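This report refers to the structure that appears directly beneath it.
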Amino acid sequence: MDPVSSLIGTISHFFDYMNPSRSPYMLGVIVAAVVLFMFKDSADPGSYVRELMFLVPVILATAFFVALSLRFRDRLLASVSDRNDLKIELNSQFRFARAVAVSCAIVGFYMIWNSRVSYFQGASILAYMLVVGHLLTFLLYSLLYNNRLHFSRRRSVLQVSIIMSVVMLVVVHSSGQVSESDGDFWSSCSVVYELDVEDREGEVSRRLVGGDNADEGIQLDKSLLSLCVPAGLEQLRAKDDAIRSIANASVVRDMDGSALMFGAYTIIWLVYAGFWVTFLNDLVQASRRARRGANNALLGRAGTSP
């Protein structure tokens, strides 16, 4: 089969699994993740209410979809009566899910490596450990899964795997947005400046910049307003040479929306990790039953032999 036909077949197979009758909650979580990837914390200390109005519904919707995905029973799997056909379908679904999950883990490692924050920041370390755990989960199943596991719950393995992988990528993305330079994980800092500014006529007036007071007449980078330590006069004048002095500079703390995303989606990922642990228990129990059945068959043959 040529590469183009193989790629077309893979895409067709993927969209088959995206069918609402098989994966009804996958699209909602993917859309939520895309929206969250565009989220940026504001330097405005009064914007946390708007951030909560955006983040809380999106996080709750994701959690709702996750809960439903764990309870969802694949109708097509439930309609398969032949055990061999069921195993073939589950094996195909698991292999595709494994490929997606491992690929997303590799993307997660790249995102951490390419992050603008320190590798030794707490959120980055936790995100790295989570990606390692994500990768090991599916590699472990690749080693232990030997076509004997019977998924009696009829779960949509691909839906769970893709949602789990998307959640993992949101955790990694948010870890790269969290600022811990002030030693506080859950809040961020911004600076409100009271400046003496000279206008074109040579008159000096007092201006307030930062927070809700975005003076359009002063050209300052947002980075200078989102620090935990006020910038010096030289830094400010390098951005706007009309600034003559700093009358006052106060640091204001605000909720860190990225930290909220990081914490919420880490918890959601751990819920999925627990889901896979239960499947691992199913695998161990199935292996034990298979061994007991083989031993009983041997004993039976030994007992009936002359």
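Counting in numbering that gives the first Met the number 0, the sequence shown runs from 0 upward without gaps.
Using N, Cα and C, we set each Cβ at its ideal position, and we do this for glycine too.
Just so we're clear, the structure is a prediction, and the values are computed from it rather than from any experiment.
Go ahead and label residue i buried or exposed: buried means 16 or more other beta carbons lie within 10 angstroms of its beta carbon, across all protein chains shown.
i      : result
Glu50  : buried
Trp275 : buried
Phe63  : exposed
Ser204 : exposed
Asp40  : buried
Val55  : exposed
Gly231 : exposed
Phe71  : buried
Can you tell me which of the options puts its alpha carbon nearest to the alpha carbon of residue i?
i      : options                           : result
Leu279 : Ile87, Leu135, Ser114 and Val99   : Leu135
Asp255 : Asp240, Ser244, Thr277 and Cys227 : Cys227
Arg252 : Gly201, Ser178, Glu197 and Ser141 : Ser178
Val33  : Thr61, Arg21 and Val48            : Thr61
Ala237 : Ala248, Leu223 and Ser249         : Leu223
Phe184 : Leu259, Ser160 and Gly27          : Leu259
Ile266 : Val196, Leu26 and Val65           : Val65
Glu202 : Asp15, Ile242 and Gln158          : Ile242
In the DSSP assignment, the alpha helix (DSSP H) including residue i goes from what residue to what residue?
i      : result
Met163 : Val156 to Ser174
Ser68  : Tyr47 to Arg70
Met25  : Met25 to Phe36
Glu233 : Leu232 to Lys238
Ser222 : Lys221 to Leu224
In terms of residue numbering, what span does the beta strand (DSSP E) encompassing residue i cover?
i      : result
Leu194 : Ser186 to Glu197
Leu207 : Val203 to Val208
DSSP three-state call for residue i: helix, strand or coil?
i      : result
Ala248 : strand
Asn295 : helix
Ile87  : helix
Asp15  : helix
Arg21  : coil
Arg147 : Note that Arg147 scores 48 on pLDDT, short of 50, meaning its location in the model is unreliable; the coordinates nonetheless yield the value given after this. Residue state, collapsed to three classes: coil.
Asp40  : coil
Asp253 : strand
Would you say residue i and residue j are within 8 Å of each other, going by their C-beta atoms?
i      : j      : result
Ile111 : Ser102 : no
Ala246 : Leu194 : yes
Val196 : Arg206 : yes
Ile58  : Val165 : no
Val170 : Tyr264 : yes
Ser22  : Ser160 : no
Indicate, with yes or no, if the ligand NAD has a heavy atom lying under 7 Å from the CB of residue i.
i      : result
Ile162 : The ligand content of the structure shown is nil, which means the ligand NAD is not present either.
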